[in-house]
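Residue numbers (this note's numbering): 2 to 396.
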């Protein structure tokens, strides 16, 4: 598909989203009403309102404005015998995106993969069925209006068992699977898929407060990290340097502020001994958890080396933050922490394709191959060698 046609589809879809706002919100309300017992984190992921629709529209416009990822020359070489060798970007082919709760994935992730020239199969969760199917109808209307094949974006209405069978048997000839959901879903796909998988990993992000720090800044970054509890770029754990001046007073202040914001504060015995308002939890297993709840865990570290060790052992490999006035320690932290995105004096909430300038994202990869961090359209291609000859043979 030519770039102009792909971009026309995306801009047409943006117009359709704007024209059908009420129907989208009504379909979403029906989904929410069908699951009255869902927790706050799921409700936040599932809900679609005018703000989220605006975000979808903006993402489509940004992706349409990007350069085409297809057909870019990576490497070119002409041998002495005039054999011409070119390495170019090409689409993966057919992508299966399996996701839970978030209807905006139906627009933003699919748009990212579509821009890169891929065919997209969408399998959302049952809790967002009506919203997802309506958004897919808009996709297919945009494709039809621009004389493109409707099968380029397709929604799969499959049961849990049928989805598992598809993953095992690959009856749709999928080239790449991107699971976006809980650990159980990701583990099943990893263990049963016969094609490459890009893991959109969990959050469980850490923030380290170094001893030479603007503590007001640190407090602001921690609060911002818990502003939304349902997102994978939220902060769940805070490590505080034991050498922080006024340690007890500052921890007490931080705990009070967090509690006033409705955030539960847990910590090990070292933290609980400094503030009676902290709920004590000494089981290290909690350091592995992604909370997706108004909950924060505090712990202490002797120094930056121990903080880095804790993060590399327990975090989800998504994002990590150091708050410090010491640039050399910030650089040490950012080089040695094994996460897709590392921050010095900034909120982890920026780990997002739109915030990073790559437009809509299909996932935030926490693995090191094929790419790491927010995956935009430019990362959803592979490569292929094109060799042009005039009858050359190899002796």
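The beta carbon of each residue, even a glycine, is placed where N, CA and C say it ideally should be.
Small disclaimer: the values here were computed from a predicted structure and weren't measured.
Presumed contact (8 Å Cβ cut-off) between residue 357 and residue 375, rounded CB distance: The residue given as residue 357 occupies position 356 in the chain shown. The residue given as residue 375 occupies position 374 in the chain shown. Rounded, the Cβ-Cβ distance is 5 Å, consistent with contact.
Can you round the beta-carbon distance between residue 325 and residue 211 to whole angstroms, since I take them to be within the 8 Å contact cut? The sequence position of residue 325 within the chain shown is 324, counting from 1. The sequence position of residue 211 within the chain shown is 210, counting from 1. About 4 Å separates the two Cβ atoms, so the contact holds.
Excluding the 5 residues flanking residue 271 on each side, which residues of the same chain have their C-beta closer than 6 Å to its C-beta? Indexing the chain shown from 1 puts residue 271 at position 270. Closer than 6 Å at the Cβ level, and outside the excluded window around residue 271, lie 301.
Report the rounded CA-to-CA distance for residue 310 versus residue 232, giving the unit in angstroms. Taking the first residue of the chain shown as position 1, residue 310 is located at position 309. Taking the first residue of the chain shown as position 1, residue 232 is located at position 231. Near 24 Å, if we compare the C-alpha coordinates of residue 232 and residue 310.
Rounded to whole angstroms, what is the Cα-Cα separation between residue 166 and residue 106? Sequence index remark: in the chain shown, residue 166 carries index 165 (1-based). Sequence index remark: in the chain shown, residue 106 carries index 105 (1-based). Taking the straight line joining both Cα atoms gives about 23 Å.
So, helix, strand or coil for residue 115, using DSSP? Counted from its first residue, the chain shown places residue 115 at position 114. Residue state, collapsed to three classes: helix.
Assuming residue 201 contacts residue 364 under a Cβ cut-off of 8 Å, what Cβ separation, rounded to an integer in Å, is found between them? By 1-based counting over the chain shown, the position of residue 201 is 200. By 1-based counting over the chain shown, the position of residue 364 is 363. Sure, about 3 Å apart at Cβ, within 8 Å.
With C-beta atoms as the reference, is residue 341 less than 7 Å away from residue 113? The residue labelled residue 341 in the question sits at position 340 within the chain shown. The residue labelled residue 113 in the question sits at position 112 within the chain shown. No, these two residues do not count as a Cβ contact at 7 Å.
At 4 residues or longer, what runs of the alpha helix (DSSP H) sit wholly inside the region 170-215? 184-193
Would residue 108 and residue 136 be called neighbours here (beta carbons separated by less than 7 Å)? As a first step, residue 108 is located in the chain shown; it is residue number 107 there, counting from the start. As a first step, residue 136 is located in the chain shown; it is residue number 135 there, counting from the start. The answer is yes: Cβ separation under 7 Å.
Which residues bound the beta strand (DSSP E) around residue 265? As a first step, residue 265 is located in the chain shown; it is residue number 264 there, counting from the start. Element bounds for residue 265: 265-268.
Check the DSSP bridge columns for residue 339 and list the partner residues they point to. The residue given as residue 339 occupies position 338 in the chain shown. Bridge partners of residue 339: none, in fact.
Give me the Cα-Cα distance between residue 1 and residue 193, rounded to the nearest whole angstrom. No answer is possible for residue 1: the residues shown for the chain start at 2 and end at 396.
Determine the burial state of residue 70: buried for a count of at least 16 other Cβ atoms within 10 Å of its Cβ, exposed for fewer. For the purposes of this step, residue 70 is taken as the residue at position 69 of the chain shown. Buried is the call here.
Figure out for me which residue from 81, 96, 240, 77 has the closest Cα to the Cα of residue 88. Stepping through the chain shown from its first residue, residue 88 is reached at position 87. The shortest Cα separation from residue 88 among 81, 96, 240, 77 belongs to 77.
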